[in-house]
Amino acid sequence: MLAIFVKRILLAIPVIIAVASITFFLVKLAPGGPFDSDKPPSPEVLKNLNKAYNLDASNWEQYVEYMSKLVQGDLGPSYTHVGRPVTELIAGGLPVTFELALYAILIALSLGIFSGVLAALKRNTLFDFIPMAIAMIGICVPTFLMGPLLVLIFGINLQILPVSGWGEIPGDKILPSLTLGFAYAAYIARLSRGGMLEVLNQDFIRTARAKGLTERMVVIKHAMQGGLIPVVAFLGPAIAGLLAGSFVVETVFNIPGIGQMYVKAALNRDYTMILGTTIFFSTMIVLFNLLSDLLALWLNPRSRDVS
Amino acid sequence: MNNSLWSDAIHRLTRNKAAMLSGFILILLIIAAALAPWVTPYGYEEMDFNNMTATPPSSDHLLGTDTQGRDLLTRILYGARVSLLVGFVATGVALIIGVSWGIIAGYAGGKVDQIMMRIVDILYGLPFIIFIILLMVVFGSNLWLLFAAIGAVEWLTMARIVRAQVIGLKNQEFVLAAKAMGVSNLSLFRRHLLPNILGPIAVYATLTIPQVMLLESFLSFLGLGIQPPMSSWGSLINDGVQYMEEFSWLLIYPGITFTITLFALNFFGDGLRDALDPKTSDN
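Those protein sequence lines, which keep their order, are chains A and B.
In case it helps, my numbering puts the first sequence at residues 8 to 314.
In case it helps, my numbering puts the second sequence at residues 79 to 361.
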């Protein structure tokens, strides 16, 4: 078990380094310099700018410099937010995105597991059909459509919830969190229903019932432990998805998190910002995938024995 | 090819009402998109200055017009062309890479298999959406690059599915018999392995198409995919969001079209899976 853990963690390090390197050279391939604009600066100014940002060095030298700074947690200066380092910008937006993602994942987990387990227990009744139909909607309606539709209904027509912002007016956190959480609630509901159905037919559940445990105990103590492993395994990819979802939700609701920052940097071609955020996101995703894999491994007694 | 399997499957599929309705909707949509220049009298960039933001249903424009007087139905149909084309081409790319990768890994086994699947594992952990965005930023939003990039992402699961199938098949008697008769590797793949894994491949391919379309529209929504004046469903929804307070139909009609299409693709894929593999239809 420990050997697998160590092996997986060690494997993640070269992956992160490779991602950072590929990103660096991809961005270097981009046509045009960071200071190209409608009014190009005079050659001297351009030369000084390039010198100031160390862009006159060879790609290889720049790479070595970038990577050695990266190890120290320095992602370089932003090209469009003059005078502000990328690390500072990310640190500014991170708490907002983190809070949004946290609410979304809480909504997704509570709503998803509750309706999934209920659907599995009350199979082929309305408690099964209705949540699963709603889950199908959650899966088929993309976040970038769900968000605006919720705004249209609750913000513009009913006028009961604020349509944008984050932490400015009371209640403005509800719609973004719901939008982001809903799609994942749908996936989690389907996964936990499937997982529970599989577990509920197994012998140890019959044994637990035969021992005279209450149905409540059977479900909570025995069935859910095994039935929810697919949900745990899904959490890693879900966090990666939440990140992409935060690009959309933060853009739609005008929330000053790193998702919106990233999309703006991509549209404005702020290359250092793109480079920095890409490396940051990739590291986060690799780490969360690793974490959820390890958690699923640890929860599954069968894989515990193998090692 | 096992004829009874396929005729059984078709029989089961035709009895699945949701799947048949979905298939019908999809065929209708594909025909309308393919024949868009003949279905609608307007061009996708054509502006009708007398009918700016015409409220649907107006006599000239069934679904109204946008803020520049462009016919919304026309733009949805041309958007369908882009979305469907991305869906099919990128899925095709994913199929070619994934199936070859999976067959080789599963058939070769041993070290080759280990290395190939380890590569798949590592790629699985990577943030591909961010990489696609990066590619779009670096090389500009080129439609063919978009196809290739999305296809290059979606092949991973296909490779895993195909590999598992091949491993299950390769030690069965009919494959051993074919080998004993000296059939070459290539025709062994083509005549004996491929027909037997066609079912799972078909199912997964139909379920990949909506994923791919979502990815494309996601990028176009953010302004990183299809560029104006060309329309895609993602960019139409983005336009709709900007004007939804006054002209809500600009959001609603593209949204409905997109959702119905995704529903149809998912139901058809589920129906196909149930038809080809009745065992899994329970959950």
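Yeah, the Cβ is synthetic: ideal placement off N, Cα and C, and Gly gets one too.
Being a predicted model, the structure only gives us computed values, none of them experimental.
Going by C-alpha to C-alpha distance, which of the options sits closest to residue i?
i, options, result
"A:V124", "A:G145, A:G219, A:L204, A:Q209", "A:L204"
"B:A112", "B:S85, B:S161, B:G142, B:G101", "B:S161"
"A:L156", "B:S178, B:A186, B:S326, B:M259", "B:S326"
"B:L107", "B:P135, B:L151, B:Q250", "B:L151"
"B:V216", "A:F288, A:F32, A:I16", "A:F32"
"A:T150", "A:Y73, A:L77, A:L250, A:L133", "A:L250"
"B:A280", "B:F102, B:F127, B:L173", "B:L173"
"A:F295", "A:G252, A:W305, A:V255, A:G243", "A:G243"
"B:W116", "B:H89, B:Y156, B:F102, B:M98", "B:Y156"
"A:L107", "A:F260, A:H229, A:N131", "A:F260"
"B:T286", "B:T169, B:F209, B:M194", "B:T169"
"B:T284", "B:R241, B:V319, B:G349, B:R90", "B:G349"
"A:G252", "A:V206, A:V148, A:A215, A:Q166", "A:V148"
"A:K180", "A:L133, A:K14, A:I262, A:I11", "A:I262"
"B:I197", "B:W233, B:T143, B:W84, B:Q305", "B:W233"
Mind checking whether residue i and residue j have CB atoms under 8 angstroms apart?
i, j, result
"A:M139", "A:T186", "no"
"A:T284", "A:I163", "no"
"A:G90", "A:T279", "no"
"B:L141", "B:A342", "no"
"B:I211", "A:A273", "yes"
"B:G303", "B:S219", "yes"
"A:V270", "B:L297", "no"
"A:I146", "A:A193", "yes"
"A:G233", "A:S199", "no"
"A:M231", "A:G100", "no"
"B:M125", "B:R159", "no"
Could you give the C-beta distance for residue i and residue j, rounded to a whole number, given that I count them as a contact under 8 angstroms?
i, j, result
"B:G165", "B:M236", "No, B:G165 and B:M236 are not in contact; Cβ-Cβ is about 15 angstroms, not under 8 angstroms."
"B:I154", "B:P307", "Between B:P307 and B:I154 the Cβ distance is about 14 angstroms, and since that is not below 8 angstroms, they are no contact."
"B:I338", "B:L329", "Going by Cβ atoms, the distance from B:I338 to B:L329 rounds to 15 angstroms, so no, they are not a contact pair."
"B:F267", "B:S100", "Incorrect: roughly 32 angstroms between the Cβ atoms, too far for contact."
"B:G176", "B:V240", "6 angstroms"
"B:F336", "B:S295", "7 angstroms"
"A:S184", "A:A111", "5 angstroms"
Does any CB atom of chain A fall closer than 8 angstroms to the CB of residue i?
i, result
"B:P205", "yes"
"B:T337", "yes"
"B:S295", "yes"
"B:M322", "yes"
"B:G101", "no"
"B:N361", "For B:N361, the pLDDT reaches just 39, beneath the cut-off of 50, and the residue's location in the model is therefore unreliable, although a value from the coordinates is still provided. So yes, B:N361 belongs to the interface."
"B:I193", "no"
"B:V290", "no"
"B:G187", "no"
"B:S219", "no"
"B:L300", "yes"
"B:Q305", "no"
"B:G121", "no"
"B:V216", "yes"
"B:S265", "no"
"B:V198", "no"
"B:L340", "yes"
"B:N94", "no"
"B:S326", "yes"
"B:V319", "yes"
"B:G333", "yes"
"B:I211", "yes"
"B:G228", "It is Ile, not Gly, that sits at residue 228 of chain B in the sequence shown. No, B:I228 does not count as interfacial toward chain A."
Would you say residue i faces chain B, with C-beta separation under 8 angstroms as the test?
i, result
"A:V22", "yes"
"A:P138", "no"
"A:A285", "The residue you asked about is not Ala; residue 285 of chain A is Thr in the sequence shown. Cβ-Cβ to chain B under 8 angstroms: yes for A:T285."
"A:V259", "yes"
"A:S28", "no"
"A:L96", "no"
"A:P155", "yes"
"A:I163", "yes"
"A:I141", "no"
"A:I281", "yes"
"A:V313", "Confidence in A:V313 is poor, its pLDDT being 47 and thus under 50, which makes the residue's placement unreliable; the coordinate value appears in the next sentence. Not an interface residue."
"A:V256", "no"
"A:F105", "no"
"A:V148", "yes"
"A:I292", "yes"
"A:S289", "yes"
Okay, do the segment 178-196 of chain A and the segment 102-120 of chain A touch, 3+ Cβ pairs below 8 angstroms being the bar?
yes
Spell out a yes or no on whether the segment 272-291 of chain B and the segment 218-237 of chain B are touching, meaning 3 or more CB-CB pairs, one atom from each, closer than 8 angstroms.
yes
Contact the segment 238-255 of chain B vs the segment 180-195 of chain B: 3+ CB pairs below 8 angstroms:
yes
Tell me whether the segment 233-248 of chain A and the segment 175-186 of chain A touch, counting them as touching only if at least three CB pairs, one residue from each stretch, are closer than 8 angstroms.
no
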